Amino acid sequence: MDSLQHILREGAFSNLETREVLSRVSLSGEDKGLYITLVYGTLQNQMYLDYLLCQVLDKPLKRLDGSVRIILEVAAYQIFFLDRIPDYAIVDEAVTLTGKKVPKARGFVNGVLRNILRQKAALADFRLEDWPNEKEGLSIRYSIPQWIIHKYFEVFGEEKAMTILPRMNDTPPFTLRTNTLKTTREALMAELSAIGMEPEAGTLYPEAIHLLGTAGMGSDIKKERLFSSGLYTIQDQGAMGLSHLLDPQPGEQILDMCAAPGGKTTHIAQLMENQGEIIARDIYDSRLALIDGAAHRLGISCIRTEKADGTRLNPIDIKAFDRILLDAPCTGMGIIRRKPEIRHRGDKKERKAIRQIQGVMLDHAATMLKDGGVLVYATCSVNPDENEHQIEMFLSNHPEMQMEPGTMGYTDLTMDGCDSFFHCKMTKNKA
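Take any residue in the sequence shown, count from 1 to its spot, add 52: that is its number in our numbering.
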C-alpha cells in the first residue's frame, strides 16, 4: 500500500521503490514474492482495475480518497488475478487497512468489494469484440494508453502488435550476462546449478543466461558469491544486442555517451577484451559511481568515467572516438514490463523536449566520431518520433554519415522475451 502510494502519488519508480523496501524490511520468500506481485500487478493492470471498479461505483473514481482508491485497486487485482488468497480474506484485509488509513471509509470499501464479488463472473467476462473501438478496448484490457497502442501498431503492424500487447504485463525473464573475462557461460551455468539456481541458456547472445523462477528477486541474486566475484551481471538481451551491434575492437577509443548504470559499458569492455579505453559519461556523480563499482566487481580496468552533459560539446572531443554508443534518453515505452508506471507519465511537452535532446546528442556524436568511425543510436522506446524519424533527420543533416543496411529496427518480447530496443548503426565517411 505505502509503496503504491509512493509510486502513484509521489512519482517514485517501481524498481527503486521495491528494491529499497526489500533491503529494509525482512520478509520470507513467500511474502517477498507476494509483495512484488501486488505492487507490479496493480501497476500493470491499473486501467483495467479502474474500469472494473467503475462498473460498481456510484461516483467517479477521481472523487475517491487516494488511499481508498489504491486499497480498492489492490483488492480488485487480487480478486481477479490471484487465487492464493480467499475472496473473503481479501475483503477483510482491505477493510482493516482502510480502518488504519481512512477509518470513515471502512463501510464504503466493504460495500464496493462485496458488490464486486456478487458480480465477479459478469465483470470478468471482458470481450474485445464487444468494443466498437478496438484500440480503446485493448487500452482498457491491457492498461496501456491509446497513444502507446497506436505506436505499437505503427511500428510492428497489427498482427505482431496483437501478439505483443497481451504479453506486455507478463513478468520479464530474469537474465544474466556472463562475464567472459572471468568465465564461460557453460562454467557459470554449472556453478549456478550447484547453488540451487535454474539456469537456461539465452538464445540470442552467447553470454545470456535466464534464471527460471527468480524474476523480481534481484536483491537476492546480488547477494550470491558468484555475483560479488564478478562472474556475471544482470542485463536483458535487448540491451546486450546494442554492444554486439557496436562491435568494439581491442585497443579502440570508445565513448558511451549515456553510460549509467554501466551494463552496456561493461559489456563493451568484455567484447574488446578489456583492451583500449572506454569513456563512460553521465551527468550525475552518483550514477557514475555505479559504473565504477560495476567495473571493479567485474575486474575491468579500461573504463574511465567522466561527468559530462551530452548536449554540450567539448572541442577536445572532436573526432576523438573510434566508436560511440548513444543509448539516448527516451520515453521508455519498450520497458513497460519493468517500469509499468511510466506508461502513465509524461505529456506531449515532455516528449517533445526528449526528442530535442536526442537530436542535439546525435549531432554531437557525429562531431566526436573519427572519420571511418561507427555510431550506434538506440532507445528503449517504441516511438518512431524518437527513432526512425530522428535517424531520417540526422542523416539529412549529416551527409558524412551512412546507415549500415539492415541495422535499423527493433527487438521485442517475441525474441526470447527481451525488452524492446530501437537500434541503428551508422558509419562516418573517411576523409
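Idealized CB from N, CA, C, for every residue including glycine. Here the structure is a predicted model, which means the values were calculated and not measured.
query, result
"Determine the extent of the alpha helix (DSSP H) in which I286 is found, giving its start and end residues.", "First-last for I286: Y284 to I286, but that is the beta strand (DSSP E), not the alpha helix (DSSP H)."
"Quick check: the region 428–448 against the region 462–477, are at least 3 beta-carbon pairs closer than 8 angstroms?", "yes"
"Short of 7 angstroms in beta carbon distance, which residues of its chain neighbour M220, apart from the five on each side in sequence? Order them along the chain.", "Y194, I196, I388 and R389"
"From the DSSP secondary-structure annotation, give me the bridge partner or partners of F474.", "T431 and Y462"
"Could you pull the DSSP bridge partners for L377 from this structure?", "D308 and V428"
"Under 8 angstroms by Cβ, that's how I've got Q301 and M324 pegged, so tell me the actual separation to the nearest angstrom.", "6 angstroms"
"Would you decide whether P225 is buried or exposed? Buried here means 16 or more other CB atoms lie within 10 Å of its CB.", "buried"
"What does a CB cutoff of less than 8 angstroms around C354 pick up in its chain, not counting 5 residues either side in sequence?", "A321, M324, N326, Q327, G328, E329 and I330"
"Select from L105, I88 and G118 the residue whose C-alpha is nearest the C-alpha of E62.", "G118"
"Quick check: what's the CA-CA separation for C310 versus A360?", "9 angstroms"
"Determine the direct distance from the alpha carbon of T317 to that of E259, and round the result to whole angstroms.", "15 angstroms"
"With DSSP collapsed to three states, give me the class of I330.", "strand"
"Helix, strand or coil: which one does DSSP assign to A291?", "helix"
"Give me the DSSP bridge partner(s) of F226.", "L263"
"Are the C-beta atoms of T255 and some chain D residue less than 8 angstroms apart?", "Among the chains in the structure shown there is no chain D, since it carries only a single protein chain."
"Look at the Cβ atom of A176, then the Cβ atom of A146, and state whether they are nearer than 8 angstroms.", "no"
"On the premise that G398 lies in contact with Q482, defined as a C-beta separation below 8 angstroms, what is that separation, rounded to the nearest angstrom?", "Looking at the sequence itself, residue 482 is Lys, so the reference to Gln does not match. About 40 angstroms separates the two Cβ atoms, so there is no contact after all."
"Is A157 closer than 8 angstroms to V108 when the C-beta atoms are compared?", "no"
"Can the beta-carbon of D344 be found closer than 8 angstroms to that of A312?", "no"
"Kindly list the residues whose CB is nearer than 6 angstroms to the CB of A213, restricted to its own chain and excluding five residues on each side of it in sequence; keep chain order.", "Y204 and F205"
"Between the region 178–192 and the region 432–442, can you find at least three pairs of beta-carbon atoms closer than 8 angstroms?", "no"
"Flag this pair as touching only if the region 398–407 and the region 289–296 have three or more C-beta atom pairs under 8 angstroms; answer yes or no.", "no"
"Considering only their Cβ atoms, is the gap separating I168 from I131 smaller than 8 angstroms?", "yes"
"Since D471 and G254 are thought to touch, with beta carbons under 8 angstroms apart, how far apart are those beta carbons, to the nearest angstrom?", "Actually they are not in contact, since the Cβ atoms of D471 and G254 sit about 13 angstroms apart, beyond 8 angstroms."
"Taking the alpha carbon of Y140 as the reference point, which residue from I122, L283, G163 and L465 has its own alpha carbon closest?", "G163"
"Which same chain residues, not among the five before or five after H58, have their C-beta less than 7 angstroms away from its C-beta?", "A64 and E69"
"For the beta strand (DSSP E) that T357 lies in, which residues bound it at each end?", "I355 to K359"
"Determine the extent of the alpha helix (DSSP H) in which E145 is found, giving its start and end residues.", "D139 to K153"
"If you run the structure through DSSP and keep just helix, strand and coil, what is M220?", "coil"
"Taking the beta strand (DSSP E) that A157 falls in, what are its first and last residues?", "From DSSP, A157 is part of no beta strand (DSSP E); its letter is neither H nor E."
"Do you know offhand how far A267's Cα is from D83's?", "Because A267 carries a pLDDT of 49, less than 50, the predicted location of this residue cannot be relied on, and the following value inherits that uncertainty. Cα to Cα, A267 sits roughly 14 angstroms from D83."
"Kindly give me the distance between the Cβ atoms of L350 and L233, rounded to whole angstroms, as I take these residues to be in contact under 8 angstroms.", "7 angstroms"
"Thinking C-alpha only, which one of W199, E238, Y257 and V426 is nearest L307?", "V426"
"Which class does E22 belong to by DSSP, given the choice of helix, strand or coil?", "Because residue 22 is not part of the residues shown, which for the chain are 53 to 483, the question remains open."
"Could you compute how far the alpha carbon of F373 sits from the alpha carbon of M455?", "18 angstroms"
"From the DSSP output, read off the bridge partner residues of T479.", "V426 and Q454"
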